[in-house]
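So the sequence lines, in the order shown, correspond to chains A and B.
Quick note on numbering: the numbering used here labels position 260 of the first sequence as 260, and the sequence is numbered without any gaps.
In short: position in the second sequence from 1, add 304, done, that's the numbering used here.
C-beta: ideal position from N, C-alpha, C; glycine also.
Treat the numbers as computed from the prediction; the structure is a model and nothing was measured.
Protein chains: 2
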Amino acid sequence: MKCSKCGSKAIYHQKYSGLYLCKECFIKDVERKVRKSLGKKIIKNNMKIGVGLSGGKDSVVMTYILNKFFETIPNSEIVVFFVDEGIKGFREVARKFVIEFCERYDIKYKIIPLKEELGITLDDIVKIAREKNITLNPCSFCGVMRRKLLNKYALKEGCNYLAIGHNLDDISQAIMMNYIDGSIEKLVRLGKDAEHPLLVKRIRPLKYIPEEEVQLYADLVGLKYQKEPCPYSSISYRAEISEIIDKLEDSHPGTRHSIVSGFEKLIKHLDIKMEVKTCKICGEPSSGDICKVCLWMEKLGLRV
Amino acid sequence: MKCSKCGSKAIYHQKYSGLYLCKECFIKDVERKVRKSLGKKIIKNNMKIGVGLSGGKDSVVMTYILNKFFETIPNSEIVVFFVDEGIKGFREVARKFVIEFCERYDIKYKIIPLKEELGITLDDIVKIAREKNITLNPCSFCGVMRRKLLNKYALKEGCNYLAIGHNLDDISQAIMMNYIDGSIEKLVRLGKDAEHPLLVKRIRPLKYIPEEEVQLYADLVGLKYQKEPCPYSSISYRAEISEIIDKLEDSHPGTRHSIVSGFEKLIKHLDIKMEVKTCKICGEPSSGDICKVCLWMEKLGLRV
Numbered sequence: 001m002k003c004s005k006c007g008s009k010a011i012y013h014q015k016y017s018g019l020y021l022c023k024e025c026f027i028k029d030v031e032r033k034v035r036k037s038l039g040k041k042i043i044k045n046n047m048k049i050g051v052g053l054s055g056g057k058d059s060v061v062m063t064y065i066l067n068k069f070f071e072t073i074p075n076s077e078i079v080v081f082f083v084d085e086g087i088k089g090f091r092e093v094a095r096k097f098v099i100e101f102c103e104r105y106d107i108k109y110k111i112i113p114l115k116e117e118l119g120i121t122l123d124d125i126v127k128i129a130r131e132k133n134i135t136l137n138p139c140s141f142c143g144v145m146r147r148k149l150l151n152k153y154a155l156k157e158g159c160n161y162l163a164i165g166h167n168l169d170d171i172s173q174a175i176m177m178n179y180i181d182g183s184i185e186k187l188v189r190l191g192k193d194a195e196h197p198l199l200v201k202r203i204r205p206l207k208y209i210p211e212e213e214v215q216l217y218a219d220l221v222g223l224k225y226q227k228e229p230c231p232y233s234s235i236s237y238r239a240e241i242s243e244i245i246d247k248l249e250d251s252h253p254g255t256r257h258s259i260v261s262g263f264e265k266l267i268k269h270l271d272i273k274m275e276v277k278t279c280k281i282c283g284e285p286s287s288g289d290i291c292k293v294c295l296w297m298e299k300l301g302l303r304v
Numbered sequence: 305m306k307c308s309k310c311g312s313k314a315i316y317h318q319k320y321s322g323l324y325l326c327k328e329c330f331i332k333d334v335e336r337k338v339r340k341s342l343g344k345k346i347i348k349n350n351m352k353i354g355v356g357l358s359g360g361k362d363s364v365v366m367t368y369i370l371n372k373f374f375e376t377i378p379n380s381e382i383v384v385f386f387v388d389e390g391i392k393g394f395r396e397v398a399r400k401f402v403i404e405f406c407e408r409y410d411i412k413y414k415i416i417p418l419k420e421e422l423g424i425t426l427d428d429i430v431k432i433a434r435e436k437n438i439t440l441n442p443c444s445f446c447g448v449m450r451r452k453l454l455n456k457y458a459l460k461e462g463c464n465y466l467a468i469g470h471n472l473d474d475i476s477q478a479i480m481m482n483y484i485d486g487s488i489e490k491l492v493r494l495g496k497d498a499e500h501p502l503l504v505k506r507i508r509p510l511k512y513i514p515e516e517e518v519q520l521y522a523d524l525v526g527l528k529y530q531k532e533p534c535p536y537s538s539i540s541y542r543a544e545i546s547e548i549i550d551k552l553e554d555s556h557p558g559t560r561h562s563i564v565s566g567f568e569k570l571i572k573h574l575d576i577k578m579e580v581k582t583c584k585i586c587g588e589p590s591s592g593d594i595c596k597v598c599l600w601m602e603k604l605g606l607r608v
């Protein structure tokens with residue numbers, strides 16, 4: 001097939017748009033959509049964008065594209081944050097990818113070891129929970145902890161925004177899971193950033209890019225990233241939802257886009273605002289009196 | 305297994321609650337939930353409830369239970385509306401079920417033949433659309449047309465409410481379809497009744513009763529209803545969504561309830577109000593200047 005845009009040899013069929021795209025037009029298409037989703041309010045002078053870079057394909061592609069956009073804009077920059085949770089045999093590899101990537105593209109970066117923040121690694125936290133027979137989902141803990149640390153450092157560095165590498169598949173799955181669970185609070189938190197001087201506004205530059213295209217972009221551009229999954233990853237419910245959405249996308253191309261765009265319309269009309277408090281233990285922003293990380297640390301007898 | 309409530313022999317395992325129920329406790333459970341979903345604002349003196357009765361299991365069970373509730377309440381009554389769309393070999397059977405049912409339980413009823421309302425049957429409408437090569441989904445047309453007629457007659461009869469026999473499966477499917485399509489307007493229309501003097505408020509007494517339980521209730525009580533599906537029914541997309549929700553309900557009992565209760569919470573916080581106009585052709589309430597039925601009739605050259 002020929003590229004629907006330029007007539008060269010197509011390498012990708014974008015079912016939801018009906019287009020066939022060649023390598024160059026595919027790359028342009030991804031970058032154009034990322035640029036559009038950010039808009040002129042973000043891609044402009046005097047911007048500092050914090051970027052959460054894990055070393056996986058999504059955050060690597062996001063950082064690469066953001067760097068491409070911002071390296072030519074005067075007085076603007078991106079700064080990478082890598083949280084090293086302390087997962088033996090896994091995070092050292094990611095760390096190496098992240099450092100090599102940032103040095104290659106001359107991007108400022110900051111490594112945030114959990115050991116320095118909480119005095120303990122995720123491996124040890126999981127071990128202690130097991131020893132004490134306390135149910136702890138490493139992914140849930142890691143999620144709130146990373147969110148907290150990324151915000152803390154983005155604020156410290158004076159970032160205007162914090163970019164997170166969720167792709168279209170991730171976001172449509174999260175929306176669907178919360179629709180099904182009927183969790184209004186989680187839906188609001190997913191769609192609206194609470195306004196607070198201690199919270200850096202989050203952006204999701206890849207929110208309209210399907211995972212398949214993020215992967216293809218990385219491969220076509222020749223980006224290196226960590227391929228193996230986290231040893232703690234156990235995403236059975238999410239995998240179930242992912243399978244459902246994949247199937248629907250297959251029979252009705254555009255399903256993921258309509259889930260996300262419908263949700264964005266919906267959330268604009270919701271009259272719920274999330275309250276933001278400051279954690280009585282660590283002083284970081286929190287939805288409750290004590291933030292979830294400090295609650296866990298207390299529960300595990302690891303109060304810092 | 306023994307009934308979790310009374311210790312008799314259980315005939316049903318209600319997975320989402322964990323209960324085993326005997327025949328009597330099952331029937332009580334269904335009726336208690338219908339009563340609760342209606343509440344004391346509806347089950348009281350001086351009420352007139354219009355009931356859309358199609359002759360299928362859902363509306364038969366709904367009408368039977370509503371009649372049971374209202375027959376002992378002074379100055380309150382239910383009145384059945386049966387729309388005869390004119391579907392040869394199908395609606396005559398339904399009509400017979402409906403008349404026998406209403407006469408057996410001494411319920412006032414009104415037959416509304418489409419032929420008298422629009423001067424034409426659904427069969428002829430479908431035929432004309434085919435002859436003129438106009439794409440018309442009989443189910444969509446029938447849906448808006450029945451909605452319009454039920455409202456018209458409920459208003460004419462002075463009903464305080466109009467009861468529709470949608471069960472938990474129907475409603476969770478509709479919600480999920482609209483979440484996936486991202487149709488905010490349809491979600492609002494599904495969850496909130498527009499306020500207008502020409503619109504009778506709709507209630508869905510079976511909204512928390514799974515289809516499986518409606519079926520079992522009908523069989524246990526010995527209700528007769530039309531079993532064959534409408535010859536026009538072609539619900540491929542709905543069937544796909546239904547299959548997905550059935551599978552999720554199976555692996556996570558309670559999914560349907562959480563979809564519906566989450567949606568009800570969500571809709572309360574939506575600041576969208578549907579505008580209600582009156583159709584310039586027929587004078588009935590409509591979301592546009594001309595109602596969907598009149599639009600269709602014009603398109604088919606059947607303007608009344």
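**Q.** Cβ-based neighbour list, B:V300, same chain, cut-off 6 angstroms, excluding 5 preceding and 5 following
**A.** Since the first residue shown for chain B is 305 and the last is 608, residue 300 of chain B is missing from the structure and cannot be characterised.
Q) Should B:C463 be labelled buried (16 or more other beta-carbon atoms within 10 Å of its own) or exposed? A) buried
**Q.** Cβ of B:G486 within 8 angstroms of any chain A Cβ
**A.** yes
Q: Express the C-alpha separation of B:L606 and B:K436 in angstroms, rounding to a whole number.
A: 12 angstroms
Q | Simplified DSSP assignment, three categories, for B:G605 | A | coil
**Q.** Amino acids of chain A, ordered along the chain, whose beta-carbon sits closer than 8 angstroms to that of B:T559
**A.** I180
Q) Span of the alpha helix (DSSP H) holding B:Q477? A) That run of the alpha helix (DSSP H) goes 472 to 485.
Q. In chain A, what lies closer than 8 angstroms to B:L574 by C-beta?
A. L266, H269, L270, D271
Q: Compare the C-beta of A:L248 against all C-beta atoms of chain B and say whether one is closer than 8 angstroms.
A: Yes - at least one Cβ of chain B is within 8 angstroms of the one on A:L248.
**Q.** Straight-line Cα distance separating A:G86 from A:I112
**A.** 10 angstroms
**Q.** Identity of the residues DSSP links to A:L216 by a beta bridge
**A.** A:L216 pairs with nothing; no bridge assigned.
Q. Hey, how far is the Cα of A:Q173 from the Cα of B:F567?
A. 17 angstroms
(Q) Does the CB of A:S233 have a neighbour CB from chain B at under 8 angstroms? (A) no
Q.
Determine whether the beta carbon atoms of A:K224 and A:F81 lie at a separation below 8 angstroms.
A. No, Cβ-Cβ distance for A:K224 and A:F81 is not below 8 angstroms.
Q. Residues of chain B with CB under 9 angstroms from A:E240, in chain order?
A. K551, L552, S555, H556
**Q.** Any 3 or more C-beta pairs closer than 8 angstroms across the region 264 to 273 of chain A and the region 26 to 37 of chain A
**A.** Of all C-beta pairs linking the region 264 to 273 of chain A to the region 26 to 37 of chain A, fewer than three are shorter than 8 angstroms, placing the two stretches out of contact.
Q. Between the region 34 to 43 of chain A and the region 67 to 79 of chain A, do at least 3 Cβ pairs fall closer than 8 angstroms?
A. yes
Q. Mind checking if B:I563 is an interface residue toward chain A, Cβ cutoff 8 angstroms exclusive?
A. yes
Q.
Applying the 10 Å Cβ sphere with the 16-neighbour rule, what's the burial state of A:V230?
A. This sequence places Cys at residue 230 of chain A; Val is not what is there. Buried is the call here.
Q. Checking contacts by CB at 8 angstroms: is B:I438 closer than that to chain A?
A. no
**Q.** CB-CB length for A:E157 against A:G52, believed under 8 angstroms
**A.** Not really, about 13 angstroms apart at Cβ, beyond 8 angstroms.
**Q.** Of the listed residues A:K110, A:E116, A:I134, A:F70, nearest to A:A320 (C-alpha basis)
**A.** Residue 320 of chain A lies beyond the range of chain A shown here (1 to 304); nothing can be said about it.
Q.
I'd like the list of long-range same chain contacts for B:N582, defined as Cβ closer than 8 angstroms, with 5 residues on each side in sequence excluded.
A. Contrary to the premise, residue 582 of chain B reads as Thr rather than Asn in this sequence. Once the five neighbours on either side are set aside, the close Cβ partners of B:T582 are L502, E588, P589, S590.
Q. Where does A:K36 land, buried or exposed, given buried means 16+ other C-beta within 10 angstroms?
A. exposed
Q. Where do the ends of the beta strand (DSSP E) carrying A:E275 lie?
A. First-last for A:E275: undefined, no H or E at that position.
Q: Measure from the alpha carbon of B:I479 to the alpha carbon of each residue in B:K392, B:E407, B:S546, then state which is nearest.
A: B:S546
**Q.** Beta-carbon separation (whole angstroms), B:K361 vs B:A543, contact threshold 8 angstroms
**A.** B:K361 to B:A543, Cβ: 18 angstroms. No contact.
Q: Output, in chain order, the set of chain B residues within a Cβ distance shorter than 7 angstroms of A:I244.
A: I548
**Q.** Element boundaries [alpha helix (DSSP H), containing B:D428]
**A.** 426 to 435
Q. Using a C-beta to C-beta distance shorter than 9 angstroms, which residues of chain B count as neighbours of A:G262?
A. Below the 9 angstroms Cβ cutoff, chain B contributes N482, Y483, I484, D485, G486, S487, I488, L491 as neighbours of A:G262, in chain order.
Q: Starting from the C-beta of B:R493, find all residues in its chain whose C-beta is less than 7 angstroms away, skip the five residues before and the five after it, and write them out in chain order.
A: So the qualifying residues of the chain are M578.
Q.
Quick check: the Cα distance between A:V200 and A:N151, rounded to an integer number of angstroms?
A. 6 angstroms
Q: Have a look at the DSSP bridge pairing and note the partners of B:L466.
A: In the DSSP output, where bridge partners are listed per residue, B:L466 has B:G354, B:R506.
Q) Quick one: what does DSSP say A:I259 is sitting in, helix, strand or coil? A) helix
Q.
Once DSSP output is grouped into helix, strand and coil, what is the label at B:Y324?
A. strand
Q: Excluding the 5 residues preceding and the 5 following A:P210 in the sequence, name in chain order all residues of the same chain whose CB lies nearer than 7 angstroms to its CB.
A: N167, L168, D169, R256
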